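To start, the structure under review is shown below, and the notes come after it.
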């Protein structure tokens, strides 16, 4: 009953109400913590300026939602408007890269990934991301009638990100004493960043509206199953180099103070995929909605815990890192391959299995190496279970019309 009531309320709200309300809710905490007022330590996990906090987790989820939504709508437009679909595909990759940086603090570790000194190590990231953005904007602009002028929203969003960059430079160049001035600068910086993310989501929704599949409520933001499995495939492939990189870095390189945990970005994404798949199954499955909603909630809470290390905060060890052992990968490898059967062609499984075995061999060669691998089998196994149950969930017939954005776009109506 709780799930049904919540679903009815959610579907009655305009699509933007939830994201805007949650985003605005973090700003007072960001202001208070940014000013370093008395007792701010207790509110630090809720600040948008805390890298391992719930606020940063939310920023990452908005970017992940952008990627999934853009991929969903692009999939629906592939046959009707290939140019707009390619533009949204580029935007989906941009969202995915920004998500990885927000959760895993990738650009702070640029020198560990790219063998160039100082800020030069950022050059490949800036060039690659900039080209993707320019490519997306150009294609959306060329199809401005069919996309509702969404390219202007994309340009406005990256204009806000440029202002955020200037504010960050001011933060590093100037000395900010604790107080209202520092608090206002941090709240403004993080608020503009969230506004840019919401504008990017709004650009995708604008294209969705032009494609004729816009509903106007929160169901607008529910990604298609194809987009969720697309992200899972990317995570399956990316987890190997991510684990390999972590195995080569020292504990000091991994534990960069006040930065995100590089090892959690892929498991966080996978757990959100599992949560969204559970939501889709819960909408379709009348008899087991409570169980599906519990699974979705558990997946979301697990992703928050991975990002924020909440248990350590509760045990007054904030912001100390506690790295799990690589040996979790030994027993999890069969489950990883089993999960991959759902989302990868069989021809790719041999290479995937060999890659993971090489990582395991590296771990065994130096037992002192530490990496966060235990969440991988949990997340992959969860997605495997939900996707296997996805068809059965709809056997009773949908109680609510369910189609991710773009799932029916570009297809002729049923006779």
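Numbering (the numbering used here), first residue to last: 15 to 429.
Don't be surprised by glycine CBs; every beta carbon is placed ideally from N, CA and C.
From a predicted model like this one, the values you see are computed outputs, not experimental measurements.
Distances from the CA of residue 311 to each of 209, 287 and 119 were compared; the closest alpha carbon is that of 287. Close CB contacts of residue 256 within its chain, under the 8 Å cut and outside five residues either way in sequence, are with 276, 277, 279 and 280 (chain order).
Two segments are said to touch when three or more pairs of C-beta atoms, one from each, lie closer than 8 Å; by this definition the segment 132-139 does not touch the segment 72-86. Between the segment 148-166 and the segment 96-115, the count of C-beta pairs closer than 8 Å reaches three or more; the two stretches touch. One thing to note: residue 191 has its Cβ no nearer than 9 Å to the Cβ of residue 51.
Look at residue 138 here: in three-state DSSP terms it is helix. Going by DSSP, residue 70 is part of the alpha helix (DSSP H) stretching over 68-91. DSSP lists 231 as the beta-bridge partner residues of residue 28. Here residue 237 is buried. Its C-beta has 16 or more other C-beta atoms within 10 Å. Between residue 63 and residue 200, the C-beta spacing is below 9 Å. Under the 10 Å beta carbon count, residue 43 is surrounded by 16 or more other beta carbons and is classified as buried. Inter-residue distance for residue 262 and residue 131 is about 18 Å (C-alpha atoms, whole angstroms).
Per the C-alpha coordinates, the member of 224, 187, 104 and 46 positioned closest to residue 148 is 104. Closest in alpha carbon position to residue 245, among 107, 74 and 70, is 107.
In the three-state reduction of the DSSP assignment, residue 115 falls in the helix class, which pools H, G and I. Following the DSSP letters along the chain, one finds residue 195 inside the alpha helix (DSSP H) bounded by residues 194-224. For residue 79, same chain residues with a beta-carbon under 7 Å away, outside a window of 5 residues either side, are 215 and 235 in chain order.
For the pair residue 274 and residue 66, the CB atoms are nearer than the 9 Å cut-off.
Short of 7 Å from the beta carbon of residue 146, and not among the five residues preceding or following it, lie these beta carbons of its own chain, in chain order: 104, 107 and 108. Residue 163 and residue 222 have their C-alpha atoms some 12 Å from each other. Per DSSP, reduced to three states, the secondary structure at residue 290 is helical.
In this chain, the alpha helix (DSSP H) harbouring residue 160 covers 158-161. Per DSSP, residue 61 lies in no alpha helix (DSSP H) segment and is marked neither H nor E. In the structure shown, residue 49 adopts coil according to DSSP, grouped into three states. From the listed residues 102, 203 and 77, the smallest Cα separation to residue 212 is found for 77. Look at residue 95 here: in three-state DSSP terms it is coil, with no helix or strand label. In this structure, the beta-carbon distance from residue 316 to residue 290 does not fall below 9 Å. Separation of residue 182 and residue 203 (C-alpha to C-alpha, rounded to the nearest whole angstrom) is 8 Å.
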